[in-house]
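For the sequence shown, our numbering assigns the number 3 to the initial residue and increments by one for each residue that follows.
What follows is a set of notes on a single structure, which appears directly below.
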Amino acid sequence: MEDYFLRDHKGKAHFHLPEEWEVVNLAIQKPVKAELSISRMVTDAISLPTGTPSLAEMAKGRKKIAIVVDDNARPTPRKALLAPLLDYLRDCGVQNGQITVLIAAGTHPTPSQAEIEETFGKELCGQIRIVGHDCHAHDLVSVGTLKHLGEFKVNPLFAGADLRIAVGSILPHPLAGFGGGAKAILPGIANYELIHNHHVALMLAPGSSTGNAAPNNRFLREIREAGRLARLDFIVNAVYDADEDIKTVVAGHFEEAHKAGIELCVKELGVPFDRFADVTIMSSFPYTDGPQVLKPLSASNMVTKKGGAVIVYADRIKGGRFAPSLLEIFDRAFAMAAGDPKRLVMTHIRENKPIVPGIPMDFNSALNCTMLYVSRTRMFLVSDDADKAQAARLGFEYAPSVQAAIDRVAHDVPKATVNIMPSAAYVLPLVPESMRVTWDD
């Protein structure tokens, strides 16, 4: 009997399949490891960027430099990418006092000083000003209007800088196609109202889907327009291999360098799928933050038959359980749905309203997407940090292990085709147009 595995924070969780189950897609890439250190990759990229002069040239004569970095909800190794960037700027004659690092919290809670020091270390925090963005702050600065979304405001420390840099990761994203690029600006350092309009109005717009960076992705188009309005000068983005290690770093113009990074991301993480399977078995590794744990479900939704089953392994959840606030949001939504979660989501999206107003938009996105997924497939949650009650509140069935979940599904589906995604966050399904899932049927 063949042994399979899913990735987790301890290494691998192994399982086997029933004899009558056929694996049709095993999403295991074989990456070639990078030969350079992260520090060298960053330095090389910013010295020879895509679409801009070198960062050394761009830094000449600049007085205030703002660097936007991901918050802790993302898997970006912030300190590892930031340190060589800061060293490079210092070598260019930039003083520590000229630099402000902004944590792109979007609609997430603004990080405390203790959380900032835990992430970046007290030494760096003593040298460089590092602050978190507050999307509700009264001093946000208007930089224009996004035609379909409204007035666009950004953090005043970013608006007041004369060199603006964003540091992030290029990974598959369920709405923007890919993370990275100007996504550090929208939603990263934008005003709540605009983030709300962006996520609600364009969530199910044609083209807003995992792995789609084409011009028809309106969700991504608005992000890039936000980058232009905010005058984002330069990006430093990591591209990963399937082992979650940084394969390379791209830098330069926020759109041209991002496009170059997307091509590399597709090459590293893309896996062809030519048919739907009855069952998809996946890990949400390396995500641990509640709403982010649910994000890789977009990959399984793309390749699982309607009426099929998805087994989600989330070995670690931040805080040791799903946040009570997240679970309460799902409680309210399922009560409103009255047994038809898809209808509830589609109605609110057509009316340009969140199901639960006034909460972080990634909570609403996770809510909308998850309710659509559970309306389409049977979902199982496997986690030592969750239990049957938590899973049920999210619309999932619960199993204590991956093997137990498989045995449960096999009882009802003794013969099945199967997809296995050892780390779904690092899998980009490449599917033909005939497999594109829409919610209008």
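Note that the Cβ used here is the ideal one computed from N, Cα and C, for glycine as well.
Since this is a predicted model, take the numbers as computed values, not measurements.
Considering residue i, what are the terminal residues of the beta strand (DSSP E) in which it resides?
{"i": "I283", "result": "279-285"}
{"i": "L148", "result": "143-148"}
{"i": "N199", "result": "Not the beta strand (DSSP E): N199 falls in the alpha helix (DSSP H), residues 194-204."}
{"i": "A253", "result": "248-254"}
{"i": "G190", "result": "First-last for G190: undefined, no H or E at that position."}
{"i": "A311", "result": "306-315"}
{"i": "A15", "result": "13-18"}
{"i": "S436", "result": "Segment: none, S436 is in no beta strand (DSSP E) and carries neither H nor E."}
{"i": "A240", "result": "236-242"}
{"i": "V156", "result": "152-156"}
Does the Cβ of residue i have 16 or more other Cβ atoms within 10 Å, making it buried, or fewer, making it exposed?
{"i": "H413", "result": "exposed"}
{"i": "E175", "result": "According to the sequence provided, residue 175 is His. The question's Glu does not apply to it. Counting Cβ neighbours within 10 Å, H175 comes out buried, since at least 16 surround it."}
{"i": "Q97", "result": "exposed"}
{"i": "A259", "result": "buried"}
{"i": "V70", "result": "buried"}
{"i": "K249", "result": "buried"}
{"i": "L38", "result": "exposed"}
{"i": "V34", "result": "exposed"}
{"i": "H140", "result": "exposed"}
{"i": "N218", "result": "exposed"}
{"i": "A316", "result": "buried"}
{"i": "H11", "result": "exposed"}
For residue i, would you say it is in contact with chain D, using Cβ-to-Cβ distances shorter than 7 Å as the test?
{"i": "P51", "result": "Looking at the structure shown, chain D is missing, and only one protein chain is on hand."}
Under 6 Å: does the beta carbon of residue i sit that close to some heavy atom of the ligand GTP?
{"i": "I331", "result": "With respect to small molecules bound, the structure shown includes none, and the ligand GTP cannot be examined in it."}
Please go through the same chain and pick out, in chain order, the residues whose beta-carbon is closer than 8 Å to the beta-carbon of residue i, but skip the five residues on each side of it.
{"i": "S197", "result": "It is Ile, not Ser, that sits at residue 197 in the sequence shown. Within the same chain, I197 has close Cβ partners G108, T109, C137, L188, P189, M363."}
{"i": "V145", "result": "F154, K155, V156, A161, L231, A232, R233"}
{"i": "P113", "result": "D73, N74, I105, A107, T121, G134"}
{"i": "P343", "result": "A335, F336, M373, L374, V376, S377, G397"}
Please list, in chain order, all residues of the same chain as residue i whose beta carbon is under 6 Å from its beta carbon, the five residues on each side excluded.
{"i": "N366", "result": "P356"}
{"i": "L383", "result": "V314, A393, F398, Y400"}
{"i": "L296", "result": "A368, T372"}
{"i": "P298", "result": "S286, A426, A427"}
{"i": "A203", "result": "N354"}
{"i": "K417", "result": "E22"}
{"i": "G272", "result": "L430, L432"}
{"i": "P77", "result": "P288"}
Residue i and residue j look like a contact to me (Cβ under 8 Å); what is the Cβ gap, rounded to whole Å?
{"i": "A15", "j": "V404", "result": "6 Å"}
{"i": "V251", "j": "T282", "result": "About 31 Å; that fails the 8 Å criterion."}
{"i": "G360", "j": "L328", "result": "Their Cβ separation, rounded to whole angstroms, is 14 Å, which puts G360 and L328 out of contact at 8 Å."}
{"i": "V420", "j": "V103", "result": "No, V420 and V103 are not in contact; Cβ-Cβ is about 44 Å, not under 8 Å."}
{"i": "G182", "j": "N239", "result": "4 Å"}
{"i": "A47", "j": "A253", "result": "4 Å"}
{"i": "L8", "j": "V44", "result": "With a Cβ gap of about 31 Å, L8 and V44 do not count as contacting."}
Go through its chain and collect everything with a Cβ distance to residue i's Cβ below 7 Å, but skip five positions before and after it.
{"i": "L234", "result": "R166, A168, A184, I187, F256"}
{"i": "K307", "result": "F278, A279, D280"}
{"i": "V143", "result": "K155, V156, P158, A161"}
For the alpha helix (DSSP H) holding residue i, just list the boundary residues, first then last.
{"i": "F336", "result": "326-339"}
{"i": "H413", "result": "404-414"}
{"i": "T121", "result": "115-122"}
{"i": "G263", "result": "258-271"}
{"i": "M43", "result": "40-49"}
{"i": "N218", "result": "Per DSSP, N218 belongs to no alpha helix (DSSP H) and is neither H nor E."}
{"i": "N366", "result": "363-378"}
{"i": "G292", "result": "292-296"}
{"i": "H110", "result": "H110 -> no alpha helix (DSSP H), and no H or E assigned at all."}
{"i": "V96", "result": "Careful: V96 lies outside any alpha helix (DSSP H) and carries neither H nor E."}
So what does residue i bridge to, in DSSP terms?
{"i": "K81", "result": "DSSP output for K81 lists no bridge partner at all."}
{"i": "I30", "result": "Paired residues: none, contrary to the question."}
{"i": "N421", "result": "N27, T282"}
{"i": "R9", "result": "K14"}
{"i": "Y400", "result": "L383"}
{"i": "T102", "result": "A68, R131"}
{"i": "H175", "result": "G179"}
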